[in-house]
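Scroll down for the structure; my scribbles are underneath it.
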Amino acid sequence: MKKLINDPKAVVDESLEGFGMAHPDLVSVHPDPLFVARAGGAVPGKVGLVSGGGSGHEPLHAGYVGLGMLDAAVPGAVFTSPTPDAIVPATQAADGGAGVVHIVKNYTGDVLNFETAGELCAAEGIDVRTVLVNDDVAVEDSLYTAGRRGVAGTVLVEKIAGAAAERGDSIDAVEAIATRVAANVRSMGLALAPCTVPHAGRPSFELAGDEIEIGIGIHGEPGRQRVGLEPADALTEALLSPIAEDLGVGEGEQVLLFVNGMGGTPLAELYIVYRRAAQLLAERGVAVRRSLVGNYITSLDMQGCSVTVLRLDDELLELWDAPVHTPALRWGA
Amino acid sequence: MKKLINDPKAVVDESLEGFGMAHPDLVSVHPDPLFVARAGGAVPGKVGLVSGGGSGHEPLHAGYVGLGMLDAAVPGAVFTSPTPDAIVPATQAADGGAGVVHIVKNYTGDVLNFETAGELCAAEGIDVRTVLVNDDVAVEDSLYTAGRRGVAGTVLVEKIAGAAAERGDSIDAVEAIATRVAANVRSMGLALAPCTVPHAGRPSFELAGDEIEIGIGIHGEPGRQRVGLEPADALTEALLSPIAEDLGVGEGEQVLLFVNGMGGTPLAELYIVYRRAAQLLAERGVAVRRSLVGNYITSLDMQGCSVTVLRLDDELLELWDAPVHTPALRWGA
Amino acid sequence: MMTDLDTAWAERWLRESARVIALHREELIELDRAIGDGDHGENMDRGFGAIVAQLDEEAPASVGAALKMAAMMLMSKVGGAAGPLYGTAFLRAATSVGEAEALNGTEVAAMLAAARDGIVARGRAELGDKTMVDAWSPAVDAAGRAGDGEAALGAAADAAEAGAEATKPLVARKGRASYLGQRSAGHLDPGAVSTSLILRAAVTAAMSEIGAGGAGGGR
Amino acid sequence: MMTDLDTAWAERWLRESARVIALHREELIELDRAIGDGDHGENMDRGFGAIVAQLDEEAPASVGAALKMAAMMLMSKVGGAAGPLYGTAFLRAATSVGEAEALNGTEVAAMLAAARDGIVARGRAELGDKTMVDAWSPAVDAAGRAGDGEAALGAAADAAEAGAEATKPLVARKGRASYLGQRSAGHLDPGAVSTSLILRAAVTAAMSEIGAGGAGGGR
Ligand SMILES: Nc1ncnc2c1ncn2[C@@H]1O[C@H](COP(=O)(O)OP(=O)(O)O)[C@@H](O)[C@H]1O
Ligand SMILES: Nc1ncnc2c1ncn2[C@@H]1O[C@H](COP(=O)(O)OP(=O)(O)O)[C@@H](O)[C@H]1O
Ligand SMILES: [Mg+2]
Ligand SMILES: [Mg+2]
Ligand SMILES: [Mg+2]
Ligand SMILES: [Mg+2]
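Going line by line, the protein sequences match chains A, B, C and D. Residues in the first sequence are numbered from 1 upward in steps of one, following our numbering. Residues in the second sequence are numbered from 1001 upward in steps of one, following our numbering. Residues in the third sequence are numbered from 2001 upward in steps of one, following our numbering. Residues in the fourth sequence are numbered from 3001 upward in steps of one, following our numbering.
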C-alpha cells in the first residue's frame, strides 16, 4: 500500500486537521469527538443541516460545510459510520433554534448511529428530523433487504436542502425538500479498480486485468456483477439505462446530470462518460439543465465513476442555483 | 490498461466534446483544429489570454477558460504539445483587439510550437506576448539545459493574469503581472504510482511496491530521484524545503500554498500533505494567506502530488481573490 | 476450575473478548472484505481496546456495571452497524443482569436473550438473514436448555459457533452484504463470527481466573 | 538498381519513412518512455500517416514540393518537440532543394545540411546534447565527404545510425530527457533513432522503385 499518510490510524484526524488549516474562514474542526462545523457557528433561526458517515468519500461530507449547504459534518473512521458521541455535539453545534435535519445515507451503520443520536438530541429538546438517501439503483429495494444504498445523490440532497435552509425555510419545509430530492434522484456506479483502505493495507477486492465491477458502492464493497471491460459508451449505457428506467424520466422532463469520479479516475474520462450519458438522455427526450462533473463523493483511490440523474422542477432548479460557499462546492458567493 | 474510454485515439476529442456539452454557458469547443474558447467569444478591448499544452492534465487548461481567467485553451494530444495550426485560430478567437498573452509551460515542444504560432499571429497583426512558466525546482536551471519545467504554478499564473486582463490592464501590464507570478512561484512533485498514457497502454514507468519518484514532472517522465516510501510528513518536507530555499521565502512574508493532486490520489491525502506544508511554512515564519487543495493540474491517473508556494504581495492577493468563473475554478461569480 | 460468574468473571470476559478479537482482527477484516467493507475486525478491535483501557483505569463495581461500561464503549467507539448492535446488546444484557452479584444458569440465559432481543429490535434482522442474529439466536436457545451458568455459557458458545458456521451458504438480506445478492453466499458472516468469539470468551473467562487483571488484556 | 533522386524518389522516401516509422512505433515509444514521455513513436506515426494520406490524395509536383508538404504535415500533426524540429528540417530541406528535378551528391549534402541547420536554429542543441542533432550532424558531415547522390544518402544513413547509437552513454542537456540528469545516460535518444530511420528510408527509396504508389504506404 502506497499512500501519502503517516499512520493508518491517524489518517482521518490528520487529514481533517489539514482541512481545517486550509479553510479557516469556512470551517472549524473539533478534534475529539471529531466533527466539522461552520466557522461562524450555528446561524440563529436557521434550520441546521447535519450529515455524516464513514470517511474516505472526500470531499463528502466535511467539504460541504458552509453557506448554503451543511452546518456540520460528522466523519467516522474510514468507511465506518460515526458514533452518537460525535453526532450529538455536531447536531448541537448546528442547531440555531429552528431544529436540525440529519441527512443520512441508507446504510445499517449510519441509520443506527444517527437513530441513537437523534433520540439523544430529542431528549435534549432539539427537533431532529432524518432524511434517508437511498439512490443506488444497483441494489434491490425490498422489505426483506437493507434497501438501496445512499450514494452520489447525497451531494445533491445536501446542496438543495442547504439552499432551502439558507433561504429561511421551516424545518418541515427543509425536510420536505430534502425528501423530494431524495425521491427524485437515482445513481449507479462502476469500478475499474478497487480502493485500498489504509488500515486494511490492501485492495478491498480483486479484479482481473479485464474485469470491472458494475453496481459498485462507495465503500469498496464488491458490486452486483463482474463483467469484462467494455468501451466507455457501453458502460455509460449500462449505468444510465437502469437509472432512467427506475426514475421513470422521459420526454419533456428536465434533469441535472451528475457524473462523479470515485477518486482515482481522471477528469477527462468522466467527461467521456458525461458525453454519452447526455446523448442517451437527449435520445429519451430529456433535457439536461444542469451538470456536475468531478470527484464529489469518492471511495478513496478507487478507479471508476457513478452516474446520477435528478429530476428537476423549477424550485429545485432555483435552489440548485442558489449561492453556495463551501470548501468543495462554490458559486454565487 | 483499464480506462473509461472508447478509443485511445479519440480520448481528447470525446472528452472535450463532453466538456463542451457540460459547460455550454462557459465554453465553446472547436473540433478541428481543436481549441476551446469562451462561449461569448473574445471580449472587445480586453487583453486575451491563451494557454495550451499536451492533454492529460485536466482540468488544465480548458477547465480554466472563462471569466477572470483564460480566453482560449489549446489542448494537444495526450502529453504532446499542440501545433501552430490550432494555436493560431485559438489566439484569433481570444483577440479582443488589445493583444494576446500566451502562457507557455517551459517544455521544448510547447515553446517551439507557441513560438511558431506567435510568429504567424504577429504576421497577421496580433500583438502576441509570451510568458514562460518554469516553476519546477526539481529540475536544474542552467544555460546548458532545457531549463526548469512549468508545472502547477501555471494555474496560479493563469488565474492572476486572467484577473489582471479582466480588470482592463494593458497588454504590457498583463504580461508584467504574469511574469511577476511566474518569478515568484515554485513547485515540486512526487509520484507514488505512474500514469498510463492511453495510446501507450501501459504505465509510463515502473515503480517497485515501496518506491516513489521525487521530483516528478506532469508527463509521466521519471523523476530525478527514486527513493523508498516514507511517511507523508517526511515526503512533504522533501518537497517543501527545496521550494522554500529556491524561492528564498522567509520570516514575515505572505504566500499562497497550493497542494495539487496528480489525478489518482484522494483528496484526504492531499490535506495530510497540506497540513505538514503549512506547519513547515509556519516554522519559517511565513504566513499562508490563501490555499488551494485539489486536482488542478494532473497527470492522467498518476498517484502523487505537488506542492506549490507563491509569494504574495497585495496586488497579487487582490487579483487572486478577484471573481473567476470557469468550469474548474469559480468564486465571486 | 470453574469460577463464579461474578464481577471478576465479567471483567475477565471483556478482557478475553478483547484478546481474541485482536487475535482474529485480520480474519474478521478478511471476512468483511469478502462480503462487506473490510472494517469489522478493525472496528471491533478498536472498541474492545477502549474497553480494556477503561478497565485498566477503573475496575467495574458489578457484572451489570461491567456490561454497561462495555455497552457505552462499543456504542461510541465501534461505529458502523456492529457498534450500535453490540452496544444495544450489552446494554440490554446489563439491564437484564441488574444488581446480581453472580449469575446462575437462568440468569445467563435471560442475559443472552435480552442481548439478542436488543439486536433484533435495533437491526430488525430475522434468523437466516446472514447476520450476527444467526449466532445469537441459537446461543440463546441452547443456553435456555442448559443447566447451571457455566453449562449455559458453554452451550451458548457451542451453538453460536455452529450458527456462525451455518451462515456460510446463506444469502444476506440485511446489512452491507445484502447488496451483493446471491454473491454473498459461500462466505461466513463476520458479525456472526465475532459473536461466537465473544461468547466463547465468556466460557474461557469462566474456566479460569487467569486473565483477570492485566494479563489477558488484548492490547 | 539505383534510381534518380527525383520526385518519384522523394515520394518513395516519404512513404518508406512512414512505413518504417509505423514499424518502429512501439520501439520509439519505448525509447521515449525510458527518458521522456513515451509519445515520440505515436507522434511521428501520426505525422507520417498524415503525409501518406496527403500523398494518396495528390502526387507532389517536385522534390521540393514533396518536402514542403511533409514539412507542413509534420509541423501541424506531430506536435511536441519533434514536430516543429522535423517540420523546420523538411522546410529548410525543401528550400535548399529549390526547383531541382533530381538531386546530385552536392545537392543531397546541401539539403541535409540545411535540414540540420534548421533543427539547430530552432532547438539550439549542440552536438552531444543527446538529441536528434547527434544523428543529423554526423550524417551531414558524411554526406559532404561522399560522391554522388546515392553515395551521399548511404553515407548519411550509416553515420546517422552510428550517431544515434552513440547517444546511449550521453547525459541529455536538451529536451525532456534533460530533466533526468544523470539518469538519462544509458538510453538511446528517440529523436536520434527516428532520424536514422528516416535517413535510411531515403536510401531504401533510392535503391528501388518498389514502394512508389500505394505499395509502400505505411498505413
Ligand atoms: N440489521 C442487522 N441486524 C443484525 N446484524 C447486522 C445487521 N446489519 C449488519 N449486521 C451485522 O453487522 C456485521 C457488520 O459489521 P461492521 O462491518 O462492523 O459494520 P458495517 O457493515 O457498517 O461496516 C455483519 O456481519 C452482520 O453480522
Ligand atoms: N532542443 C532540441 N534540439 C534538438 N532536438 C530536440 C530538442 N529537444 C528535443 N529534441 C528531440 O526531440 C525528441 C523528443 O521528441 P518527442 O517525444 O516527439 O517530443 P516531446 O519531448 O515534446 O514529447 C528527443 O528525443 C530529441 O531527439
Ligand atoms: Mg463499515
Ligand atoms: Mg510529448
Ligand atoms: Mg464492515
Ligand atoms: Mg516525447
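Even glycine gets a Cβ: it sits at the ideal position worked out from N, Cα and C.
Of all Cβ atoms in chain D, is any one closer than 8 Å to the Cβ of residue i?
i          : result
ARG1149(B) : yes
Measure from the C-beta of residue i to each C-beta in chain B and report whether the shortest distance is under 8 Å.
i          : result
MET3207(D) : no
ALA193(A)  : yes
MET3075(D) : yes
TYR64(A)   : no
ILE3051(D) : no
LEU300(A)  : yes
GLY18(A)   : yes
LYS3174(D) : yes
ASP3189(D) : no
SER15(A)   : yes
GLY3214(D) : Bear in mind that the predicted position of GLY3214(D) carries a pLDDT of just 41, short of 50, making it too unreliable to give a figure here.
According to DSSP, residue i sits in a beta bridge with which residue or residues?
i          : result
PRO1075(B) : GLY1053(B)
GLY2128(C) : For GLY2128(C), which the question treats as bridged, DSSP gives no partner whatsoever.
GLY261(A)  : CYS305(A)
LEU310(A)  : VAL185(A) and LEU256(A)
LEU247(A)  : In DSSP, LEU247(A) forms no bridge with anything.
ASP2006(C) : ALA2102(C)
TRP331(A)  : VAL324(A)
LYS1105(B) : VAL1133(B)
Among the options, which one has its Cα closest to the Cα of residue i?
i          : options                                           : result
VAL2203(C) : GLY2083(C), ASP2148(C) and ALA2166(C)             : ASP2148(C)
ILE1393(B) : THR1080(B), SER1204(B) and LEU1026(B)             : The structure shown does not extend to residue 1393(B), since chain B is modelled only from 1001 through 1333, so no value can be given for it.
ASN1337(B) : VAL1128(B), ASP1127(B), GLY1153(B) and THR1116(B) : Outside the displayed span of chain B (1001 to 1333) sits residue 1337(B), for which this structure offers no information.
THR1265(B) : ASN1295(B), PRO1082(B), ARG1276(B) and PRO1242(B) : ASN1295(B)
GLU3161(D) : SER3137(D), SER3184(D) and GLY3181(D)             : SER3137(D)
GLU1230(B) : ARG1224(B), GLU1211(B) and LEU1207(B)             : GLU1211(B)
HIS199(A)  : LEU26(A), ALA22(A) and SER55(A)                   : SER55(A)
MET246(A)  : LEU310(A), GLU213(A), LEU292(A) and TYR271(A)     : Note that residue 246(A) is Asp in the sequence shown, not Met. Among LEU310(A), GLU213(A), LEU292(A) and TYR271(A), the Cα nearest to that of ASP246(A) is on LEU310(A).
ALA3082(D) : GLU3016(D), GLY3038(D) and ASN3043(D)             : ASN3043(D)
ALA2061(C) : TYR2086(C), LEU2112(C), ALA2114(C) and GLU2101(C) : GLU2101(C)
PRO1327(B) : ALA1010(B), VAL1043(B), LEU1049(B) and MET1069(B) : MET1069(B)
ARG1180(B) : TYR1107(B), LEU1207(B), VAL1197(B) and ILE1103(B) : ILE1103(B)
VAL1357(B) : LEU1207(B), TYR1107(B), SER1241(B) and PRO1082(B) : Limits of chain B in this structure are 1001 at one end and 1333 at the other, which puts residue 1357(B) out of reach.
ALA2070(C) : ALA2166(C), GLY2128(C), ILE2051(C) and LEU2005(C) : ILE2051(C)
Determine whether the Cβ of residue i lies closer than 8 Å to any Cβ atom of chain C.
i         : result
PHE79(A)  : yes
THR326(A) : no
GLU124(A) : no
GLU251(A) : no
Counting contacts by CB-CB distance shorter than 8 Å, is residue i in contact with chain A?
i          : result
LEU2014(C) : no
PHE1035(B) : no
ILE1212(B) : yes
PRO2084(C) : yes
MET1069(B) : no
Starting from residue i, find everything on chain B with Cβ-Cβ shorter than 8 Å and list it in chain order.
i         : result
ASN295(A) : LEU1267 and ASN1295
PRO391(A) : Outside the modelled stretch of chain A, which goes from 1 to 333, sits residue 391(A), for which no answer is possible.
Show which residues of chain A have a CB atom less than 7 Å away from the CB atom of residue i.
i          : result
SER2178(C) : THR145 and ALA146
ARG2183(C) : PRO222
Please compile the residues from chain B whose C-beta is within a distance smaller than 7 Å of the C-beta of residue i.
i         : result
TRP331(A) : ARG1330
Identify the contact partners of residue i in chain A, using a Cβ-Cβ distance below 8 Å as the criterion.
i          : result
ASN2043(C) : ALA77 and THR80
GLN1303(B) : LYS2, GLY264 and ASP301
Which residues of chain A have a Cβ atom closer than 9 Å to the Cβ of residue i, listed in chain order?
i          : result
ASP1246(B) : Those do not exist, as ASP1246(B) stays about 22 Å from chain A at its closest Cβ, beyond 9 Å.
ALA1278(B) : GLY18, MET21 and ALA22
Residues near ligand 5, criterion Cβ-heavy atom distance below 5 Å: ASP2032(C), GLY2036(C), ASP2037(C), ASP2039(C) and HIS2040(C)
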